[in-house]
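Note sheet for the following structure.
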Amino acid sequence: MLKRTHSCGQLRLEDDGKKVTLNGWVHSYRDHGNLVFIDLRDRDGITQLVFDPQSQPDVHKQSRGLRCEWVIAASGAVRPRGEGLENPKIDTGKIEILIEKIEILNTAETPAFEIDGADKVSEELRLKHRYLDMRRPEMQNRLKIRHKVTKIVRDFFDSADFWEIETPFLGKSTPEGARDFLVPSRLCVGEFYALPQSPQLFKQVLMVGGVDKYFQIVRCFRDEDPRADRQAEFTQIDVEMSFVDMDDVIDVHQRMVAAVWEGILGKKVSLPMRRMSYKEAVDDYGVDRPDLRFDMKLKNISDLVGDCQFKVFTGTIEKGGIVKGLCAPGGAKYSRGDIEKALTNFAADYDAKGLAWFKVAKNEESGQVTLASSIAKFFSDEQKQQIIERFSANEGDLILMVADTEAVANKALAPLRVKLGKDLELYDEDAHEFVWIVDFPLFEWDEKAQRYDSLHHPFTAPVPEDVEKLETDPGNICSQAYDIVVNGSEIGGGSIRIHQPQMQAKVFDLLNISKQQAQDRFGFFLKALNYGAPPHGGIAFGLDRLVMILTGTDNIRDVIAFPKTQKGQCLLTDAPSPVEQAQLDELNLRTQTHH
RNA sequence: GGGGUCGUAGCUCAAUUGGUUAGAGCAUCGGACUGUCGAUCCGAAGGUUGAGGGUUCGAGUCCCUUCGGCCUCGCCA
Numbered sequence: 049m050l051k052r053t054h055s056c057g058q059l060r061l062e063d064d065g066k067k068v069t070l071n072g073w074v075h076s077y078r079d080h081g082n083l084v085f086i087d088l089r090d091r092d093g094i095t096q097l098v099f100d101p102q103s104q105p106d107v108h109k110q111s112r113g114l115r116c117e118w119v120i121a122a123s124g125a126v127r128p129r130g131e132g133l134e135n136p137k138i139d140t141g142k143i144e145i146l147i148e149k150i151e152i153l154n155t156a157e158t159p160a161f162e163i164d165g166a167d168k169v170s171e172e173l174r175l176k177h178r179y180l181d182m183r184r185p186e187m188q189n190r191l192k193i194r195h196k197v198t199k200i201v202r203d204f205f206d207s208a209d210f211w212e213i214e215t216p217f218l219g220k221s222t223p224e225g226a227r228d229f230l231v232p233s234r235l236c237v238g239e240f241y242a243l244p245q246s247p248q249l250f251k252q253v254l255m256v257g258g259v260d261k262y263f264q265i266v267r268c269f270r271d272e273d274p275r276a277d278r279q280a281e282f283t284q285i286d287v288e289m290s291f292v293d294m295d296d297v298i299d300v301h302q303r304m305v306a307a308v309w310e311g312i313l314g315k316k317v318s319l320p321m322r323r324m325s326y327k328e329a330v331d332d333y334g335v336d337r338p339d340l341r342f343d344m345k346l347k348n349i350s351d352l353v354g355d356c357q358f359k360v361f362t363g364t365i366e367k368g369g370i371v372k373g374l375c376a377p378g379g380a381k382y383s384r385g386d387i388e389k390a391l392t393n394f395a396a397d398y399d400a401k402g403l404a405w406f407k408v409a410k411n412e413e414s415g416q417v418t419l420a421s422s423i424a425k426f427f428s429d430e431q432k433q434q435i436i437e438r439f440s441a442n443e444g445d446l447i448l449m450v451a452d453t454e455a456v457a458n459k460a461l462a463p464l465r466v467k468l469g470k471d472l473e474l475y476d477e478d479a480h481e482f483v484w485i486v487d488f489p490l491f492e493w494d495e496k497a498q499r500y501d502s503l504h505h506p507f508t509a510p511v512p513e514d515v516e517k518l519e520t521d522p523g524n525i526c527s528q529a530y531d532i533v534v535n536g537s538e539i540g541g542g543s544i545r546i547h548q549p550q551m552q553a554k555v556f557d558l559l560n561i562s563k564q565q566a567q568d569r570f571g572f573f574l575k576a577l578n579y580g581a582p583p584h585g586g587i588a589f590g591l592d593r594l595v596m597i598l599t600g601t602d603n604i605r606d607v608i609a610f611p612k613t614q615k616g617q618c619l620l621t622d623a624p625s626p627v628e629q630a631q632l633d634e635l636n637l638r639t640q641t642h643h
């Protein structure tokens, strides 16, 4: 075959006169009867080929048989385009190649969709024909950025003396956490491996093994329903370090994130990144992953409205609930219908039974700013002024409130805040606001199970000053966990781990995991802790989410070459699929369906 | 498991209260054309309206069932 001398995005004016060969796909085809133009495409760009019947009648004739997405090799001389014939839309737009010879490397069926217009095509079709979808520059750019991120990450950890070490995919199932993907064992009849939800225990064992600094870019598997930003199989940048405290781990990884931002976006991230306590995040933003690109903090106004005529508020507060709200700058432009339908329905998705609202308006007579709405009459003038003050509200703002338990109020207000921030364009789309969330509680009380549950995971260490509360007050222990959040998205999280077997046993005890259960599930790990485990801690980043943010997409499937649908199916390969009876027999498995 | 939304030509969409033979743009195929770059012009072909059932004189449209995509609640230590 005619082998390429250049890529399709490479040639410029200064290559004038060079004899070159390009390989690629026929991107578009323009036949003028006389001249034929072909845009040839590869991952690097597009170059215009010209076929002239005067100079090369045979090749010109051959060119008229070409079709879109055929694969060809073409040789000829680079020449500048004439005056006014340049195409500023493509990098190679100042030149073209007068073709002297072509070779058809492959023909192609008419594609199921046009490569050029695939951004308008249903995602279902794109996934079925991923190889066509992938030919689009947008998709190629995302794959390229993903590659570059992993390259930067590997270089960063290598130069910081970390070793990349692989851990098993065929592991042991544990009932904690997400649902496991199971893999039947042929050799051990009736037994199963589980695919790892993360390499958590292995990386801790590596620390016991003296590896000291480990990282891995590793696939993890959780058999839960996907979301726009979640897939059953996803990739973590997994890290663990010995002889470190929280500040050490945070320091290394904010520098890693800065290196990625610098390398991909050319942006300097100012270090150290800001930190915020879990409590502050939940109080002010309703979630542990606040979007700090805009302010609009949530405010508790229970103390202001405990004594008013509005029964919804007083009733809620009497039952131990709260009244909490936010003030949307310029939100008064929402009509009453918008508020009572769209916004209220939105909040209802998050269990809020209703949305109380005030528009902040100027009183015509007094000239004073006051609150207007159908419930305004239930509040005294003094209360209204106090509410305005609490929210620092201005004329034209909209105050929205939820009266419910604190948990429900936060659950509804947090996404409402994010939605309003976006709708009202309160932030710069290109901004990236990082924050480390720290001071997480070690446990939260699980009302249903009537026991404590780890907020992070059961291997997270308490802060040293709270260790004695393991005996006296487990609900108020602060952990050494940390999450890194950017623009309201959690991109990584980790903790300093428990490295003393006694403390680990105590935590299992509080989690209502019996000695026998702990032994069955984590026996190997507990044993390892007995053999001189160093103090250690680590973190894991979600690579997919990182790449989503860096490429500006809100669809995780856009940053995965071969993603799965919401039912966990691969539309390209049709996995999962039934298997031969012989395969089941070999595994001693029988399938049954029950409803 | 729940809620929402979508499914009509290869693709993106349209089709009045249920009413004649389901249309358009792009793509495809054929022809024309001296520089285009979303080429242009002329012509042709292209449909199990996701599937199944029902109501009706008549269903893309209404009802039931079902399949699939997406968003979301639950779930995701």
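Start counting the first sequence at 49; every next residue gets the next number (the working numbering).
Glycine included, every Cβ here is placed at the ideal spot set by N, Cα and C.
For clarity, every value in this text was computed on a predicted model and none was experimentally measured.
CYS268 - partner residues in DSSP beta bridges: PHE282
Over the uninterrupted alpha helix (DSSP H) stretch that includes SER537, give me the two end residues. Segment 537-544 is the beta strand (DSSP E) holding SER537; no alpha helix (DSSP H) there.
For PRO506, count neighbouring C-beta atoms within 10 Å of its own C-beta (all shown protein chains included) and say buried if the count is 16 or more, exposed if not. Around the beta-carbon of PRO506, 16 or more other beta-carbon atoms lie within 10 Å, marking it buried.
Pairing CB atoms from the region 270-284 with CB atoms from the region 605-620, are three or more of them under 8 Å? yes
Three-way DSSP call (helix, strand, coil) for THR392 in this model: Here THR392 sits in helix by DSSP.
For HIS643, name the three-state secondary structure that DSSP assigns. Residue placement at HIS643 is flagged as unreliable, the pLDDT there being 45, under the threshold of 50; a coordinate-derived value is accordingly withheld.
Please find out if some non-hydrogen atom of the ligand NAP comes closer than 7 Å to the beta-carbon of LYS410. Ligands displayed in this structure: none; no statement on the ligand NAP is therefore possible.
Classify GLN631: buried if its beta carbon has 16 or more other beta carbons within 10 angstroms, exposed otherwise. Exposed: under 16 other Cβ atoms inside 10 Å.
Can you look up ASP331 in the DSSP assignment and give me helix, strand or coil? helix
What does the alpha-carbon distance come out to for the pair HIS643 and GLN614? Confidence at HIS643 is low in this model, with a pLDDT of 45, below 50, so the placement of that residue is unreliable and no value is reported for it.
Got a sec? Which residues, its chain only, sit under 6 Å from LEU249 by beta carbon, not counting five neighbours each side? PHE573
Same chain only: Cβ atoms within 7 Å of TYR47, ignoring 5 sequence neighbours per side: Residue 47 is absent from the structure shown; the chain starts at 49 and stops at 643.
Tell me whether THR364 sits in a helix, a strand or coil according to DSSP, three-state version. In the structure shown, THR364 sits in a helix (DSSP, three-state: H, G or I).
Measure from the alpha carbon of PRO101 to the alpha carbon of each residue in THR95, ASP92 and SER111, then state which is nearest. SER111
Determine the DSSP secondary structure at GLN433, reduced to helix, strand or coil. If DSSP states are grouped into helix, strand and coil, GLN433 belongs with the helices.
Going straight from the alpha carbon of LYS347 to that of GLU162, what length do you get? One alpha carbon belongs to LYS347, the other to GLU162, and they sit about 51 Å apart.
Drop a sphere of 10 angstroms on the beta-carbon of LEU133, count the other beta-carbons inside from all chains shown, and report buried for 16 or more, exposed for fewer. exposed
Three-way DSSP call (helix, strand, coil) for TYR398 in this model: coil
Could you compute how far the alpha carbon of PRO522 sits from the alpha carbon of ASN560? 13 Å
When burial is assigned at 16 or more other CB atoms within 10 Å of the CB, is VAL287 buried or exposed? buried
Measuring CB atoms only, is the region 75-93 touching the region 113-123, in the sense that at least three cross pairs come out at less than 8 Å? yes
Counting beta carbon pairs with one atom in the region 495-510 and one in the region 350-370, are three or more of them shorter than 8 Å? no
Nearest CA to the CA of LEU235: which residue from THR639, ASP633 and GLN640? When only C-alpha atoms are compared, the closest one is ASP633.
List the endpoints of the continuous beta strand (DSSP E) containing GLY590. 584-590 is the extent of the beta strand (DSSP E) around GLY590.
Of the residues LEU374, GLY311, ASN524 and ALA553, which one's Cα is nearest the Cα of LYS467? LEU374
Specify whether the region 307-314 and the region 336-352 touch according to this definition: at least 3 beta carbon pairs, one from each stretch, less than 8 Å apart. no
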